[in-house]
Amino acid sequence: MSVKNSRRFRYSVLCVALSSLFLTGCDNSSSHTELADETLPVKTAPFGWTAQYKDVDGTAAATTGGEGARAESIYVVSSRQELKDALSNTRSPNYLAGDATAELAAKLEPKIIYWVGTIRGDDLGNGTYADATYYKTKPNKTTFDFDLYVKAFDKDYLAQLQATINAGGAEAVTAQAELTLLKKQNGQRSQYANNQKAQIQFQVPPNTTILGVGQDAKLEEGYLSINTLSHTFNKTDNSNIIIRNITFQAPRDFAPAWDAGDGASGNWNARYDAVSINASKNVWIDHCTFTDGEHPDSKEPVLFGKHIQRHDGLLDIEDGADYLTISYNVFEEHDKTTIIGSGDSDEGEYRITFEGNLWSNLTQRAPRVRFGQVHLVNNYHRGATDADYPILYSIGMGFASSILSEGNVFNFQGAGAEESTIIGAYKGSKFKDNGSWFNGAQAKNLNQVAIEKCTALQEQEKTAAESAGKAPGNWALETCTNDIDWEPPYTYAVGKSIAAVEKYVLENAGAGKLSISLPD
Numbered sequence: 001m002s003v004k005n006s007r008r009f010r011y012s013v014l015c016v017a018l019s020s021l022f023l024t025g026c027d028n029s030s031s032h033t034e035l036a037d038e039t040l041p042v043k044t045a046p047f048g049w050t051a052q053y054k055d056v057d058g059t060a061a062a063t064t065g066g067e068g069a070r071a072e073s074i075y076v077v078s079s080r081q082e083l084k085d086a087l088s089n090t091r092s093p094n095y096l097a098g099d100a101t102a103e104l105a106a107k108l109e110p111k112i113i114y115w116v117g118t119i120r121g122d123d124l125g126n127g128t129y130a131d132a133t134y135y136k137t138k139p140n141k142t143t144f145d146f147d148l149y150v151k152a153f154d155k156d157y158l159a160q161l162q163a164t165i166n167a168g169g170a171e172a173v174t175a176q177a178e179l180t181l182l183k184k185q186n187g188q189r190s191q192y193a194n195n196q197k198a199q200i201q202f203q204v205p206p207n208t209t210i211l212g213v214g215q216d217a218k219l220e221e222g223y224l225s226i227n228t229l230s231h232t233f234n235k236t237d238n239s240n241i242i243i244r245n246i247t248f249q250a251p252r253d254f255a256p257a258w259d260a261g262d263g264a265s266g267n268w269n270a271r272y273d274a275v276s277i278n279a280s281k282n283v284w285i286d287h288c289t290f291t292d293g294e295h296p297d298s299k300e301p302v303l304f305g306k307h308i309q310r311h312d313g314l315l316d317i318e319d320g321a322d323y324l325t326i327s328y329n330v331f332e333e334h335d336k337t338t339i340i341g342s343g344d345s346d347e348g349e350y351r352i353t354f355e356g357n358l359w360s361n362l363t364q365r366a367p368r369v370r371f372g373q374v375h376l377v378n379n380y381h382r383g384a385t386d387a388d389y390p391i392l393y394s395i396g397m398g399f400a401s402s403i404l405s406e407g408n409v410f411n412f413q414g415a416g417a418e419e420s421t422i423i424g425a426y427k428g429s430k431f432k433d434n435g436s437w438f439n440g441a442q443a444k445n446l447n448q449v450a451i452e453k454c455t456a457l458q459e460q461e462k463t464a465a466e467s468a469g470k471a472p473g474n475w476a477l478e479t480c481t482n483d484i485d486w487e488p489p490y491t492y493a494v495g496k497s498i499a500a501v502e503k504y505v506l507e508n509a510g511a512g513k514l515s516i517s518l519p520d
């Protein structure tokens, strides 16, 4: 038996075992499925790139999450502390042994967590909630004050303080104290942000299944961090994590940073995502809802010409995260939705499937891709150029990305909304679309739009480099193409009509669509 066929056989054995748990079939071929009618089959078990994970030794490994968890490692949680305890697996005999090595072993064991109702990351456990004032002192004391942080950018005010100091006298002492405090604000902002992170972050260990019960499982003012390759989890390559049926209301950053050099006129940048996946592999995020919810950035004050931005991403994927499937989720009412690769040096495989998701009223990054082999199939995008979250673009062709788009529906309204709105050019050169639709008709020009936007950006880079007497970036010398050098290594079906895809997504996407009950 060849190595390739041997690996496929091992995968098939694992998949057959897993299929009995999820009551579904296995799928390991690399071809389309032709539908007998327009009804798309709904997947109920890990599929797409998630079902293709190979361990570091090349052995295929199914996505099972907490399957096989012992009775003591099955939890029902409804509060911040209960969720923290469940993620640490505090009822495991290993954890109860009381030493660090045993506690790590407990975290790595299979565990299943049933999530009931709303959990708040800012819950202090005594009937009160952390606020902007709380983070000034807990767990470490800071002198950060957002109003002072903003004032530190006022050059005229800083000049007045310096003039008062130069003039001497009693007022100079007060002015010097204030100037010193203002100059410390940026550094103190970082410590303040760390204080907030310590309160609202939930770190998800390997071999974990998290299931929202009923229709109202929700996380507010907190976020899930998936980073199993960290030392915290013994640098575990196979994350093997399943998260389903939960609404994530993105947490607010009470100390966002102003960056005058970000874009043409500067931007506010927040720190926390609703869910972040870093350096983790073999993760399935399914039937969840991601939103700004009750705290849209459009209601924030305008400073330096921009609304203060309290939210970062809804679901960001960075540091080489790989073998992921993001399915049947709703992403709505947000600006910087999903980024893949944190920067042009954040190289990774980034093999990711997005299927059956609703991208609704989003400004950008649905998703924005760097590197990767990203498959976008049977998703529904809708928005407007004149909404609270005005559409800028949906799919971002980022540095070294390779994107396959198939059977996606785009419905954009408002002045300037056109087929070219679908794509944003950000140094990517490989994009291919098969059979997507725009505003009720076949998207006839999407592949050409990708090439034209790629080419235009490359020409800008070459012109700027020539003017500066420098060589252009290598990305500007690549061929803009609709030919990608890979194909999905799994069987999948592509929607045959707008109605079929919209029905498929609207009937299935989002939290509350799964019938998950408490364990007996």
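Counting from 1, one number per residue, gives the positions in the sequence shown under our numbering. C-beta atoms are modelled at their ideal positions from N, C-alpha and C, and glycine is treated no differently. No experiment lies behind these values; they were computed from the predicted model shown.
Cβ-based burial, residue i [other Cβ within 10 Å; buried from 16]
| i | result |
| --- | --- |
| Pro519 | exposed |
| Gln309 | buried |
| Gln160 | exposed |
| Leu506 | exposed |
| Glu333 | buried |
| Gly416 | exposed |
| Trp268 | buried |
| Lys136 | buried |
| Lys299 | exposed |
| Glu419 | buried |
| Ala45 | buried |
| Glu221 | buried |
| Asp156 | exposed |
| Ala500 | buried |
| Ala217 | buried |
| Asp483 | exposed |
| Leu14 | In this predicted model, Leu14 has a pLDDT of only 38, less than 50, meaning its place in the structure is not dependable enough to derive any value. |
| Cys26 | Legend: pLDDT at Cys26 = 43, less than 50; position of this residue unreliable, no value from coordinates given. |
| Ser12 | Only weak support is given to the placement of Ser12: the predicted model assigns it a pLDDT of 37, under 50, and the value that follows is read from those uncertain coordinates. That one is exposed. |
Residue i, DSSP secondary structure in three states
| i | result |
| --- | --- |
| Arg365 | coil |
| Gly356 | coil |
| Glu349 | coil |
| Tyr149 | helix |
| Arg187 | Residue identity check: residue 187 is Gly in the sequence provided, not Arg. In this structure, Gly187 counts as helix in the three-state DSSP scheme. |
| Asn166 | helix |
| Gly398 | strand |
| Val501 | helix |
| Ser405 | strand |
| Pro519 | coil |
| Thr481 | strand |
| Gln486 | Residue 486 is actually Trp in this sequence, not Gln. If DSSP states are grouped into helix, strand and coil, Trp486 belongs with coil. |
| Leu229 | coil |
| Tyr393 | coil |
| Val173 | helix |
| Asn89 | coil |
| Asn508 | helix |
| Ala159 | helix |
| Asn411 | strand |
| Gln525 | Given that the chain is displayed from residue 1 to residue 520, the structure contains no residue 525 and the question cannot be resolved. |
| Lys111 | strand |
Start and end residues, alpha helix (DSSP H) containing residue i
| i | result |
| --- | --- |
| Thr455 | Leu446 to Ala468 |
| Asp433 | First-last for Asp433: Lys430 to Asn434, but that is the beta strand (DSSP E), not the alpha helix (DSSP H). |
| Leu96 | Pro93 to Leu96 |
| Ala105 | Ala100 to Leu108 |
Start-to-end residues for the beta strand (DSSP E) that takes in residue i
| i | result |
| --- | --- |
| Ser225 | Tyr223 to Ile226 |
| Thr209 | Thr208 to Gly212 |
| Ser426 | The sequence as given places Tyr at residue 426; Ser does not occur at that position. Its beta strand (DSSP E) spans residues Ile423 to Tyr426. |
| Gln201 | Gln201 to Val204 |
| Ala384 | Tyr380 to Ala384 |
| Leu219 | Lys218 to Glu220 |
| Leu376 | Gln373 to Val377 |
Any non-hydrogen atom of the ligand ADP within 7 Å of residue i CB
| i | result |
| --- | --- |
| Gln185 | The ligand ADP is not among the ligands present in this structure, which contains no ligands whatsoever. |
ask   = Which full runs of the beta strand (DSSP E) of 3+ residues lie inside the segment 237-303, going along the chain?
value = For secondary structure counted as the beta strand (DSSP E) over 3 or more consecutive residues, the segment 237-303 holds these complete runs in sequence order: 238-244, 247-249, 257-259, 267-269, 275-278, 281-286 and 289-291.
ask   = Does the segment 441-449 touch the segment 463-473, meaning 3 or more C-beta pairs lie closer than 8 Å?
value = Contact check between the segment 463-473 and the segment 441-449: fewer than three CB pairs, one atom from each, fall below 8 Å, which does not count as touching.
task = Please specify which runs of the alpha helix (DSSP H), each continuous and at least 4 residues long, are wholly inside the segment 309-351, giving them in chain order.
result = As far as the segment 309-351 is concerned, it has no whole alpha helix (DSSP H) run of at least 4 residues.
ask   = At what residue ranges does the segment 114-147 contain a whole run of the beta strand (DSSP E), taking only runs of 3 or more?
value = Runs of the beta strand (DSSP E) inside the segment 114-147: 118-120.
task = Determine contact between the segment 272-292 and the segment 497-513, defined as no fewer than three beta-carbon pairs at a distance below 8 Å.
result = The segment 272-292, when compared against the segment 497-513, does touch it at the 8 Å Cβ threshold.
query = Fully enclosed by the segment 26-89, which beta strand (DSSP E) runs are 3 residues long or longer?
reply = DSSP runs (the beta strand (DSSP E)) wholly in the segment 26-89: 74-77.
task = Would you be able to state if there are at least three C-beta pairs under 8 Å between the segment 252-266 and the segment 207-215?
result = In this structure the segment 207-215 does not touch the segment 252-266; the number of beta carbon pairs closer than 8 Å is below three.
query = Is the segment 135-151 in contact with the segment 186-194, if contact means three or more CB pairs nearer than 8 Å?
reply = Because the criterion of three Cβ pairs below 8 Å is met, the segment 135-151 and the segment 186-194 touch.
ask   = Quick check: the segment 44-62 against the segment 89-104, are there 3 or more CB pairs under 8 Å?
value = The way I'd put it, the segment 44-62 doesn't touch the segment 89-104; fewer than three beta-carbon pairs between them come closer than 8 Å.
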